[in-house]
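A quick write-up on the structure given underneath.
Residue numbers (my numbering): 46 to 128.
In structure tokens, the structure reads:
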């Protein structure tokens, strides 16, 4: 989801394996949101592992990022009991 001034600007829901969230799924979401792909740091993976959420700020993008944050959240599949 993309946020600006504490308000949700855009969001999407994607089905993915947990190990693909910060890879292929993030690339797909960035393409659909028309934003460049952020630099994924070890802290983002730790946040996703610990809190099931990773937050990217403008400093995580090399070019212009016109939002305050881009948040990636892992919602577990209740049927399979996994993220």
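We put the beta carbon where it would ideally sit given N, CA and C, even for glycine.
Model, not experiment: these values are computed from the prediction.
For residue 53, no alpha helix (DSSP H) run applies; the uninterrupted beta strand (DSSP E) run containing it begins and ends at 52-55, by DSSP. Residue 120 sits in coil when the DSSP states are folded into three classes, being neither helix nor strand.
Within 10 angstroms of the beta-carbon of residue 121 lie fewer than 16 other beta-carbons, which makes it exposed. A buried status is given to residue 83, since no fewer than 16 other beta-carbon atoms sit within 10 Å of its beta-carbon. Note on geometry: alpha-carbon atoms of residue 86 and residue 116 lie some 14 angstroms from one another. Distance from the CA atom of residue 113 to the CA atom of residue 96, rounded to whole angstroms, is 20 angstroms.
Taking 8 angstroms as the cut-off, the beta carbon of residue 74 is found no closer than this to the beta carbon of residue 89.
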